[in-house]
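Colleague: Quick one: the structure is below, questions incoming.
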Amino acid sequence: LILTRDNLATQQLCVDCAHAILDAARCSIRINASEDIENGNLPSPITSSDDRPKKLYAGGEGDDGIAQGTTLTFAMMELCLCVMVRQMPQINSAQMKSKSLAPLHMRRFGRLPVESANLIRSGIQLLVNVPSLCSSNGRLIILPSILYLIIGFIRESARVDENSVVPDLPPGHLTTVATTALQALRNLASAPPTDATLSSWVTMMQSALYSILLLCDGEYRKDECVLMLSCVVLASVAPRQVVLGHRESFHRLVRLIRGQLNSEHSQIVSKTLQSLSSLFARRDINGPFISSLGRDVFNVVRPLVTGDDVLTKVK
39 LILTRDNLAT QQLCVDCAHA ILDAARCSIR INASEDIENG NLPSPITSSD DRPKKLYAGG
99 EGDDGIAQGT TLTFAMMELC LCVMVRQMPQ INSAQMKSKS LAPLHMRRFG RLPVESANLI
159 RSGIQLLVNV PSLCSSNGRL IILPSILYLI IGFIRESARV DENSVVPDLP PGHLTTVATT
219 ALQALRNLAS APPTDATLSS WVTMMQSALY SILLLCDGEY RKDECVLMLS CVVLASVAPR
279 QVVLGHRESF HRLVRLIRGQ LNSEHSQIVS KTLQSLSSLF ARRDINGPFI SSLGRDVFNV
339 VRPLVTGDDV LTKVK
């Protein structure tokens, strides 16, 4: 009910409260997982045994599903979805396909007020920490929804207003929301499970990478540099099988990077070269990338370091 109000300050307070609840839940999980409760050793020596809670939240939700009304995970996911769709209705593409809801205003990131952008950023930061409440199986249940929302923000960040003669943002520019979405994607991709759920997790992350690459085929105007940066962020931290385990994704990523290296915008070429350094630095995956893109990088860099007036060219 609170999130249906138009006042952004009220919505921000609600999200801040959810962050506090999540922090408390994670603290409870850590304490519950330690031996302090059984041994009677609390971190704070001033807390007496009478003040000690008899039962702490233990987390590990999801083994029996994520049920509405009985799990903190469901409540957090629902709150995040409400906040995000409230600010960016097109994030829920299924809803936007409805004839009754199609006229909803398509809000551009370049035109979002600062308050809305900060609210979305807080929502994404909350969303990416929700899996910490779940068991390994529970994380697999909510991961597709989390990735769907994050990829939705990446898609809208890359979208260029077709009705605008002059773009709202310069090519390759990352908004506050886009930067937060990429950080969230990085956090998720860099934390693979260590149990039997790894195979399913890898498949989901491969699907996420492929989904971002497919955005390049969209008929709408798009900033492919934003999509390239998103893919490289994921590929720079994800396990090897996520990056190289799907051949079509690898070839699509190579074509996308090559296209940005040949961009007419110097800032895009610069960002692409910086991004490639993170891929070339990974010994477990750099071979195929160097083999496929080494010549292209050389052709871009060579004119900058040869001939006269090198310093001016580099600048």
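Numbering (this note's numbering), first residue to last: 39 to 353. Beta carbons: idealized from backbone N, C-alpha and C, even for Gly.
Go through its chain and collect everything with a Cβ distance to Gly361's Cβ below 7 Å, but skip five positions before and after it.
Modeller: This structure does not reach residue 361, given that the chain is present from 39 up to 353, and the question cannot be answered.
Colleague: Buried or exposed: where does Asp261 fall if 16 or more other Cβ atoms within 10 Å of its Cβ makes it buried?
Modeller: The residue in question, Asp261, is buried, as its Cβ has 16 or more Cβ neighbours within 10 Å.
Colleague: Flag this pair as yes or no: are the beta carbons of Ser169 and Pro230 separated by less than 8 Å?
Modeller: This sequence places Pro at residue 169; Ser is not what is there. Not in contact: Pro169 and Pro230 (Cβ atoms no closer than 8 Å).
Colleague: Determine the extent of the alpha helix (DSSP H) in which Ala71 is found, giving its start and end residues.
Modeller: It spans 46 to 71 - the alpha helix (DSSP H) in which Ala71 sits, taken as one unbroken run.
Colleague: Roughly how many whole angstroms lie between the Cα atoms of Arg320 and Ala105?
Modeller: 40 Å
Colleague: Note down, in chain order, each residue of its chain lying with its Cβ closer than 7 Å to the Cβ of Ser354, except the 5 sequence neighbours on either side.
Modeller: Only positions 39 to 353 of the chain appear in the structure, and residue 354 is not among them; the question remains open.
Colleague: In angstroms with no decimal places, state the Cα-to-Cα distance between Ser86 and Lys309.
Modeller: Model confidence at Ser86 stands at a pLDDT of 49, short of 50, so the residue's coordinates are unreliable and nothing is read from them.
Colleague: How big is the Cα-Cα spacing for Glu99 and Val338?
Modeller: So the two alpha carbons sit approximately 51 Å from each other.
Colleague: Suppose contacts are defined by Cβ-Cβ distances below 8 Å. Is Gly283 in contact with Val240 by that definition?
Modeller: The answer is yes: Cβ separation under 8 Å.
Colleague: Nearest-angstrom Cα distance between Arg285 and Ala273?
Modeller: 14 Å
Colleague: Which residues in the same chain have their Cβ closer than 6 Å to the Cβ of Asn324, if we skip the five residues on either side of it in sequence?
Modeller: Phe318
Colleague: Where does Leu41 fall in DSSP's three states?
Modeller: helix
Colleague: In the structure shown, what three-state DSSP assignment does Val309 receive?
Modeller: The sequence shown places Lys at residue 309, rather than the Val named in the question. Here Lys309 sits in helix by DSSP.
Colleague: With distance defined between alpha-carbon atoms, name the residue in Ile180, Arg197, Gln305, Gly332 nearest to Met243.
Modeller: Ile180
Colleague: Measure how close the beta-carbons of Cys263 and Leu251 come, nearest whole angstrom, since I'm counting them as under 8 Å.
Modeller: Not quite, the Cβ-Cβ distance comes to about 14 Å (not below 8 Å), so this is no contact.
Colleague: Is Val215 near the ligand MN - that is, is its Cβ less than 7 Å away from at least one heavy atom of it?
Modeller: Within the structure as shown, the ligand MN is missing, as the structure has no ligands at all.
Colleague: Who are the near neighbours of Leu294 in its chain, counting only those whose CB is closer than 8 Å to its CB and skipping five residues on each side?
Modeller: Sequence-distant Cβ neighbours of Leu294 in its own chain, meaning closer than 8 Å and more than five residues away, are Leu251, Cys254, Glu262, Leu265, Met266, Cys269.
Colleague: Check Glu262 in the structure and name its three-state DSSP category.
Modeller: helix
Colleague: By Cβ distance, which residues of its chain are closer than 8 Å to Asn70, with the 5 residues on each side in sequence left out?
Modeller: Leu94, Tyr95, Ala96, Gly97
Colleague: Once DSSP output is grouped into helix, strand and coil, what is the label at Glu257?
Modeller: coil
Colleague: To the nearest angstrom, how far is it from the Cα of Lys137 to the Cα of Met115?
Modeller: Confidence at Lys137 is low in this model, with a pLDDT of 47, below 50, so its placement is unreliable and the value that follows should be read with caution. Approximately 26 Å, taken between the alpha carbons.
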